[in-house]
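S.K.:
In the numbering used here, the protein residues as written are -4 to 383.
1) Assuming residue 354 is part of the alpha helix (DSSP H), what are its boundary residues?
2) In the DSSP assignment, what residue or residues form a beta bridge with residue 294?
3) To the nearest angstrom, report how far apart residue 286 and residue 353 are at their CA atoms.
4) Tell me which same chain residues have a C-beta within less than 8 Å of the C-beta of residue 322, skipping the five on either side of it?
5) Exposed or buried, residue 30, counting other C-beta atoms within 10 Å across all chains shown (16 or more means buried)?
6) Determine the direct distance from the alpha carbon of residue 232 to that of residue 384, and round the result to whole angstroms.
7) Does the separation of the CB atoms of residue 312 and residue 360 fall below 9 Å?
8) Here's the rule I'm using: 16 or more other beta-carbon atoms within 10 Å means buried, otherwise exposed. How should residue 159 be labelled?
9) Return the residue from the list 211, 265, 370 that minimises the CA-CA distance to residue 348.
10) Which residue's Cα is closest to the Cα of residue 331: 339, 325, 47?
11) Can you tell me whether residue 114 is buried or exposed, with buried defined as 16 or more other CB within 10 angstroms of its CB?
12) Ends of the alpha helix (DSSP H) at residue 371?
13) Identify every run of the beta strand (DSSP E) within the region 251 to 339, keeping only runs that are complete inside it and at least 3 residues long; order them along the chain.
14) Using alpha carbons as the reference points, say which of 181, 201, 307, 275 lies closest to residue 238.
15) Going straight from the alpha carbon of residue 210 to that of residue 57, what length do you get?
16) Tell me, to the nearest whole angstrom, how far the beta carbon of residue 303 is from that of residue 366; I am working on the premise that it is less than 8 Å.
17) Taking Cβ to Cβ, would you say residue 248 is nearer than 9 Å to residue 111?
18) Are there 16 or more other CB atoms within 10 angstroms of the CB of residue 194, so buried, or fewer, so exposed?
19) With a threshold of 16 other CB atoms inside 10 Å of the CB of residue 379, please say whether the residue is buried or exposed.
20) Is the Cβ-Cβ distance between residue 176 and residue 207 less than 9 Å?
21) Between which two residues does the beta strand (DSSP E) harbouring residue 45 extend?
22) State whether the region 250 to 266 contacts the region 46 to 60, with contact taken as three or more CB pairs (one from each stretch) at a distance under 8 Å.
23) Near residue 259, what residues of its chain come up, given a Cβ to Cβ distance below 6 Å and the 5 sequence neighbours on each side ignored?
24) Using the C-alpha atoms, what's the distance from residue 55 back to residue 41?
25) For residue 294, is the classification buried or exposed, using 16 other Cβ atoms within 10 angstroms of its Cβ as the cut-off for buried?
26) With burial defined as no fewer than 16 other Cβ atoms inside 10 Å of the residue's Cβ, what is the status of residue 383: buried or exposed?
27) Please return the same chain residues whose Cβ sits closer than 7 Å to the Cβ of residue -4, not counting the five positions on each side in sequence.
28) If you drop the 5 nearest sequence neighbours on each side, which residues of the same chain put their C-beta closer than 7 Å to that of residue 373?
29) Taking a contact to mean a Cβ-Cβ separation below 9 Å, would you say residue 270 touches residue 108 in this structure?
30) So, with DSSP's three-state summary, where would you put residue 134?
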């Protein structure tokens, strides 16, 4: 007797006659239409493969907005100490790290939720609050993870075009309707690096009904420390705003997948009902606790970004390219056409430098380069000059 998997394999085999299958409609019933329409994430090829194929001795990855300094030594020591207990499940409540975050942001423990990266918390928010005829509202040209998560929920996604590479908050406010449940804002925005200002956010939030949740993704928040124009969400404390932050960027721990959310305890309580019980893992929690106290590393990280940003901006201007002023750890460059973006991207790869083409973000005529170490930035500029 055939198993279900064997029958399913036959029905997806082009050499097998659909007429002879017991149930040719099973795949349609098995996969919801909104999931069937999704496109799997396509990661870049492993650097080792590219180096071998292209005959390179060195490879520089400036495509993923990672921190080029490597992880904090304090986090590495904490991971080493915590690894002795890897046979035990993590402390489910994450009380130590949540407590440190609550103290840092002057909130209660119940206002903090942890996740395996801020994207995991975003997924739990969407699962907890979006259903049926609800709609999600955001911008074009922002973090594609939000698009995927909403589409995977089968909920309508409304996108407002960018305006001068920035969130058009006025346009988003005008797009709110009775079915709007969640508005997603990324500030600074990935991939453009742009921000909306405190004044713009003040005017916007007054137009948002109280029953509409605002997800304020501040993954790049640390790069705006000290900027008086940046609307730090934790200085507002609106009941319908959920803040997302991460240890992946300024704290250099993207590989550990650690993020946190801040919001009203009523909302955080529902997110915690959706959250997996042992997320994030024990090593990530230990590393986060150590990194949070490591101000010396954070200041080095921000200093490297400031210096690298200034150097790259100057060189891109010298080359006559159209760059967008950035408040994050990356710069968007408008190359004018997708063909030119692809040509530059492939040429840079041959020089051992990876950057990000932005067609998946809905910006096919643009590319994004991450700020690296000084020598990496110099190698990128040299390779870009040769490619142009």
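Heads up, the beta-carbon is just placed ideally off N, CA and C, and yes, glycines get one too. Keep in mind the model is a prediction, meaning the values are calculated, not measured.
M.R.: Looking at the coordinates:
1) On the chain shown, residue 354 is found 359 positions in, with the first residue counted as 1. That residue, residue 354, is in no alpha helix (DSSP H); it is neither H nor E in DSSP.
2) Indexing the chain shown from 1 puts residue 294 at position 299. Paired residues: none, contrary to the question.
3) Locating residue 286 in the chain shown gives position 291, counting from the first residue. Locating residue 353 in the chain shown gives position 358, counting from the first residue. Spanning the two alpha carbons is a distance of roughly 31 Å.
4) Start at 1 with the first residue of the chain shown, and residue 322 comes out as number 327. If we look at residue 322 and ignore the five residues flanking it on each side, its Cβ neighbours are 183, 188, 189, 190, 215, 218, 219, 222, 225.
5) Working through the chain shown from its first residue, we reach residue 30 at position 35. Per the 10 Å Cβ criterion, exposed.
6) Outside the shown range of the chain, which is -4 to 383, sits residue 384, and nothing can be said about it.
7) The count along the chain shown starts at 1 and reaches residue 312 at position 317. The count along the chain shown starts at 1 and reaches residue 360 at position 365. Cβ distance not < 9 Å, so residue 312 and residue 360 don't count as in contact.
8) For this step, residue 159 is matched to residue 164 along the chain shown. By the neighbour-count rule (16 or more Cβ atoms within 10 Å), residue 159 is not buried but exposed.
9) For the purposes of this step, residue 348 is identified with residue 353 of the chain shown, where counting begins at 1. Comparing Cα positions, the closest option is 370.
10) Here residue 331 is taken as the residue at index 336 of the chain shown, counted from 1. Of the candidates 339, 325, 47, the one whose C-alpha sits nearest the C-alpha of residue 331 is 339.
11) For this step, residue 114 is matched to residue 119 along the chain shown. Buried, since its Cβ has 16 or more Cβ neighbours within 10 Å.
12) Position 376 of the chain shown, counted from the first residue, corresponds to residue 371. Looking at the DSSP string, the run of the alpha helix (DSSP H) that includes residue 371 is 369 to 382.
13) 254 to 257, 317 to 319, 325 to 329
14) Translated into positions along the chain shown, residue 238 becomes position 243. Measuring from the Cα of residue 238, the nearest candidate turns out to be 181.
15) The count along the chain shown starts at 1 and reaches residue 210 at position 215. The count along the chain shown starts at 1 and reaches residue 57 at position 62. Distance between the alpha carbons of residue 210 and residue 57 is about 27 Å.
16) The residue labelled residue 303 in the question sits at position 308 within the chain shown. The residue labelled residue 366 in the question sits at position 371 within the chain shown. Confirmed, Cβ separation roughly 4 Å.
17) The count along the chain shown starts at 1 and reaches residue 248 at position 253. The count along the chain shown starts at 1 and reaches residue 111 at position 116. Not in contact: residue 248 and residue 111 (Cβ atoms no closer than 9 Å).
18) The sequence position of residue 194 within the chain shown is 199, counting from 1. Looking at its Cβ environment, which holds fewer than 16 other Cβ atoms inside 10 Å, residue 194 is exposed.
19) Start at 1 with the first residue of the chain shown, and residue 379 comes out as number 384. The residue is buried, with at least 16 neighbouring Cβ atoms inside 10 Å.
20) By one-based count along the chain shown, residue 176 stands at place 181. By one-based count along the chain shown, residue 207 stands at place 212. Going by C-beta atoms, residue 176 is nearer than 9 Å to residue 207.
21) Walking along the chain shown from the start, residue 45 turns up at place 50. Taken as a continuous stretch (DSSP letters only), residue 45 belongs to no beta strand (DSSP E), being part of the alpha helix (DSSP H) at 42 to 49.
22) no
23) By one-based count along the chain shown, residue 259 stands at place 264. Hits under 6 Å: 234.
24) Working through the chain shown from its first residue, we reach residue 41 at position 46. Working through the chain shown from its first residue, we reach residue 55 at position 60. Looking at the two C-alpha atoms, the distance is approximately 12 Å.
25) Counting from one through the chain shown, the residue named residue 294 turns up at place 299. Result: exposed.
26) In the chain shown, the residue the question calls residue 383 occupies position 388. That one is exposed.
27) As a position in the chain shown, residue -4 is number 1, starting the count at 1. Confidence is the limiting factor: at residue -4 the pLDDT is only 44, short of 50, which leaves the residue's position unreliable and the question unanswerable from this model.
28) For the purposes of this step, residue 373 is identified with residue 378 of the chain shown, where counting begins at 1. Result list for residue 373: empty, nothing under 7 Å.
29) Locating residue 270 in the chain shown gives position 275, counting from the first residue. Locating residue 108 in the chain shown gives position 113, counting from the first residue. Yes. Within cutoff.
30) Within the chain shown, numbered from 1, the residue matching residue 134 stands at position 139. Reduced to three states, the DSSP call for residue 134 is strand.
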